[in-house]
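**Q** Have a look at the structure that comes next, please.
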Amino acid sequence: MVFFAAILPQFIDQQKSNVTAQLLLMGAIFAIVALISDGTYGLLAGTVRQWLSGDVKRLIFMRLTGGIVMIGLGFFTILAAVLA
45 MVFFAAILPQ FIDQQKSNVT AQLLLMGAIF AIVALISDGT YGLLAGTVRQ WLSGDVKRLI
105 FMRLTGGIVM IGLGFFTILA AVLA
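Per this note's numbering, residue 45 is the first one in the sequence shown, and the count goes up by one each step.
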């Protein structure tokens, strides 16, 4: 809602007729692009999930990588608190 209220009106030409139709058209274009984008991300995530879960070695690697990232983020958080 904030996007539609703050950003979208800047692209509306008030000199042309039917401002409401312009807003509806731009809102529809945004919704279609968002649907295509989100759908693509969803399909890609499903494909990657199947690929990752297909091999035990990949699952172990993902768990180790996730654990190392979490430990690293914890160290950075502690370091930021100490230096602040």
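For glycine and all other residues, C-beta sits at the position ideal for the given N, C-alpha and C.
Locate the alpha helix (DSSP H) running through Lys101, then write down its first and last residues.
**A** Val100 to Leu127
**Q** Between Leu117 and Leu88, what straight-line distance do the alpha-carbon atoms span, to the nearest angstrom?
**A** 27 angstroms
**Q** Using 8 angstroms as the threshold, is the segment 46-54 in touch with the segment 67-77, meaning 3 or more CB pairs across them?
**A** yes
**Q** For the alpha helix (DSSP H) containing Asp82, list its first residue and its last residue.
**A** Val63 to Ser97
**Q** Helix, strand or coil for Gln59, going by three-state DSSP, please let me know.
**A** Looking at Gln59 - three-state DSSP - the assignment turns out to be coil, as it is neither helix nor strand.
**Q** Could you give the C-beta distance for Gly83 and Phe48, rounded to a whole number, given that I count them as a contact under 8 angstroms?
**A** With a contact defined as Cβ atoms closer than 8 angstroms, Gly83 and Phe48 miss out at about 21 angstroms.
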